[in-house]
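Here the UniProt record's numbering is used: the first residue of the sequence shown is 1, the next is one more, and so on. Just so it is clear, CB atoms sit at the ideal spot from N, CA and C, and this is done for glycine as well. Quick notes on the structure that follows.
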Amino acid sequence: MAIFNQQSPAKKDVPSFANDAAPNPPAAPTPIREAPAAADFSPTQAAPPRAAAEAPAKESLIAADLTIEGKIEGAGHVRIAGKFKGDVNVQGDLTIEKGAKLSGGVKAKKVMVAGELDGNIESASRVELLESGALSGDIKAGTLTVAAGSRIRGHVECGWGDKDAPKSNGKSDKAERELAS
């Protein structure tokens with residue numbers, strides 16, 4: 001099969017093209033060595049696909065002694081213990097620790113406020129305002145829990161689905177159609 005594994009019956013010091021010109025007496029056959037096995041780097045067992053529910057979401061922390069300005073986006077959880085100025089858009093949970101301050105808009109699955117939030121919560125399935133929490137801004141959430149002693153200032157919409165949400169300007173459909181024409 002492979003030419004490199006075969007031994008030539010010619011002497012080692014005679015080039016192979018010299019064998020064709022002068023016939024040599026037949027030499028004893030030399031044993032043919034088997035080629036080493038080729039390395040197989042393909043996986044022997046396929047890894048099972050990971051479901052999103054199996055892998056726990058990771059949490060990022062902004063420590064108490066940090067002040068950061070920017071934008072946070074991602075799939076994990078975020079815990080703010082310091083000061084952050086900017087929007088937070090995560091698919092996981094957002095926790096604002098006691099003594100922390102967030103100035104900006106929020107979109108998260110669950111929002112827990114023990115510190116200060118100066119901005120709107122645009123989309124959350126659950127919002128918890130703890131006793132030490134203060135929120136200044138509008139809230140749009142599935143459920144809202146407000147602890148005694150917390151402070152809140154703004155417009156709140158809770159429990160409304162997309163189909164049964166009230167009109168933002170309070171006008172009827174007929175009045176809106178008349179204004180559009």
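| Item | Value |
| --- | --- |
| Cβ pair Ser-150, Leu-130 closer than 9 Å | yes |
| Asp-87, DSSP secondary structure in three states | strand |
| Supposed close pair Ile-62, Gly-82 - CB separation, criterion 8 Å | 5 Å |
| Anticipated Cβ contact below 8 Å, Gly-86 with Gly-99, distance rounded | Gly-86 to Gly-99, Cβ: 19 Å. No contact. |
| Simplified DSSP state of Glu-131, which is helix, strand or coil | coil |
| Close Cβ partners of Ala-75 (< 8 Å) along its chain, the five nearest in sequence each way excluded | Ala-57, Val-90, Gln-91 and Gly-92 |
| Local Cβ density within 10 Å of Gly-137, reported as buried at 16 or more and exposed below that | buried |
| Residue range of the beta strand (DSSP E) that includes Ala-141 | 139-146 |
| Alpha-carbon to alpha-carbon, Gly-105 and Val-113 | 13 Å |
| Of the residues Leu-144, Ser-132, Asp-118 and Ile-152, the one placed nearest Gly-159, counting alpha carbons only | Leu-144 |
| Nearest-angstrom beta carbon gap, Ala-108 and Leu-94 [assumed within contact, 8 Å] | 4 Å |
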